[in-house]
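In what follows, a structure is listed as structure tokens, so that the remarks can point back to it.
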Amino acid sequence: MAFVAGIELGGTSVKVAVCDTAVCDEAGALRGACVVASERVPTTTPAETLDRVCAWLRTQRGERRFDAVGIACFGPVDLRHSSDTYGFITTTPKPNWKNADVVGGVRRRLEADGGDAVRIAFDTDVNAPALLHARAHGVRSCAYVTVGTGVGVGFVVEGQCVHGVIHPEMGHTMVRARDGDTFAGTCPFHGACVEGNVASGALVARSGVASAAELP
Numbered sequence: 059m060a061f062v063a064g065i066e067l068g069g070t071s072v073k074v075a076v077c078d079t080a081v082c083d084e085a086g087a088l089r090g091a092c093v094v095a096s097e098r099v100p101t102t103t104p105a106e107t108l109d110r111v112c113a114w115l116r117t118q119r120g121e122r123r124f125d126a127v128g129i130a131c132f133g134p135v136d137l138r139h140s141s142d143t144y145g146f147i148t149t150t151p152k153p154n155w156k157n158a159d160v161v162g163g164v165r166r167r168l169e170a171d172g173g174d175a176v177r178i179a180f181d182t183d184v185n186a187p188a189l190l191h192a193r194a195h196g197v198r199s200c201a202y203v204t205v206g207t208g209v210g211v212g213f214v215v216e217g218q219c220v221h222g223v224i225h226p227e228m229g230h231t232m233v234r235a236r237d238g239d240t241f242a243g244t245c246p247f248h249g250a251c252v253e254g255n256v257a258s259g260a261l262v263a264r265s266g267v268a269s270a271a272e273l274p
């Protein structure tokens, strides 16, 4: 068997898994379930979170040897390979995570103490599932939308994730409020953008409950 590891770094929790690539055909399309082991840890500080994620991966590497890791990360993130901050989370409002070196942090922890070199692929937590859905369903182009701690939209066009000066940030699009809606929004950058209106924090503020766990 050939294995790869995957990390989905979300604003609330991190899902990490080891997958069997034997279920993929030559084009990368899935032929069946591929997760052979998985774990979930809370997203706390960068150091504590990456320590826990990589400690679990190192235990798995002894039994299911992988030499590649895919990271799908909340953003904004720097995806420019030529940049000094490639693999970093950049101007996120999430406390403690601004300018966090995700790719470098994972690499250092997995390669510490003589660990084998590991290849790392890095993209947003919406581009990665968009690419998965495109390949799983045999389509060349698609969009993927998620609403949770934030709002994200990922795009695949002609089999490739859409990048540019920065990845798409559709969640921060400004929208016109409904007549009579005076909600100021919760986005620290734009106030009542899409994310500032409908992400979990906005729904908590609108409804007056104590936390997202109390939302219907």
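Each number in our numbering comes from the position in the sequence shown (counting from 1) with 58 added on. Idealized CB from N, CA, C, for every residue including glycine.
Check whether the Cβ atoms of His248 and Met232 lie closer than 8 Å to each other.
Yes, Cβ-Cβ distance for His248 and Met232 is below 8 Å.
Measuring alpha carbon to alpha carbon, tell me which residue in Glu272, Thr103, Asp181 is nearest Gly222.
Distances from the CA of Gly222 to each of Glu272, Thr103, Asp181 were compared; the closest alpha carbon is that of Asp181.
Have a look at Gly259 and Phe132 and give me their C-alpha separation to the nearest angstrom.
Whole-angstrom Cα-Cα distance: 16 Å.
Quick one: complete beta strand (DSSP E) runs, 3+ long, within the region 97–160?
Taking only runs of at least 3 residues, the beta strand (DSSP E) segments lying wholly in the region 97–160 are 124–131.
For Glu253, which three-state DSSP category applies?
DSSP places Glu253 in helix when its eight states are reduced to three.
Taking the straight line between their C-alpha atoms, what separation do you get for Arg98 and Gly69?
Cα-Cα distance, rounded: 13 Å.
Residues of its chain near Asn154, where Cβ-Cβ distance is below 6 Å and the 5 sequence neighbours each way are ignored:
Cβ neighbours of Asn154 beyond the five flanking positions: Thr103.
Please tell me whether Val72 and Phe124 are closer than 8 Å, where the distance is taken between their beta carbons.
No; because the gap between Cβ atoms is not below 8 Å, this pair is not in contact.
Beta-carbon proximity check, Val160 vs Ile147, cutoff 8 Å
Contact flag set, yes.
Should His139 go down as buried or exposed, given a rule of 16 or more other Cβ atoms within 10 Å for buried?
With fewer than 16 Cβ atoms within 10 Å of its Cβ, His139 is classed as exposed.
Could you tell me if Asn157 is buried or exposed, where buried requires 16 or more neighbouring beta carbons within 10 angstroms of its beta carbon?
Under this definition Asn157 is an exposed residue.
Quick check: Gly208 and Ala257, are their CB atoms within less than 8 Å of each other?
It is a contact, given that the beta carbons lie within the stated cut-off.
Within the region 168–251, ranges of the alpha helix (DSSP H) (whole runs, at least 4 residues)
Whole alpha helix (DSSP H) segments, 4+ residues: 185–194.
Gly259 lies in the alpha helix (DSSP H); which residues open and close that run?
Note, Gly259: alpha helix (DSSP H), 258–265.
Quick one: what does DSSP say Gly64 is sitting in, helix, strand or coil?
Correct three-state label for Gly64: strand.
Between the CA atoms of Gly163 and Asp171 - distance to the nearest angstrom
When rounded, the distance between both Cα atoms is 14 Å.
Spatial neighbours of Gly254 within its chain, please: CB distance less than 7 Å, with the 5 preceding and 5 following residues excluded, ordered by chain position.
Taken in chain order, the residues that qualify are Gly243, Thr244, Cys245, His248, Ala260.
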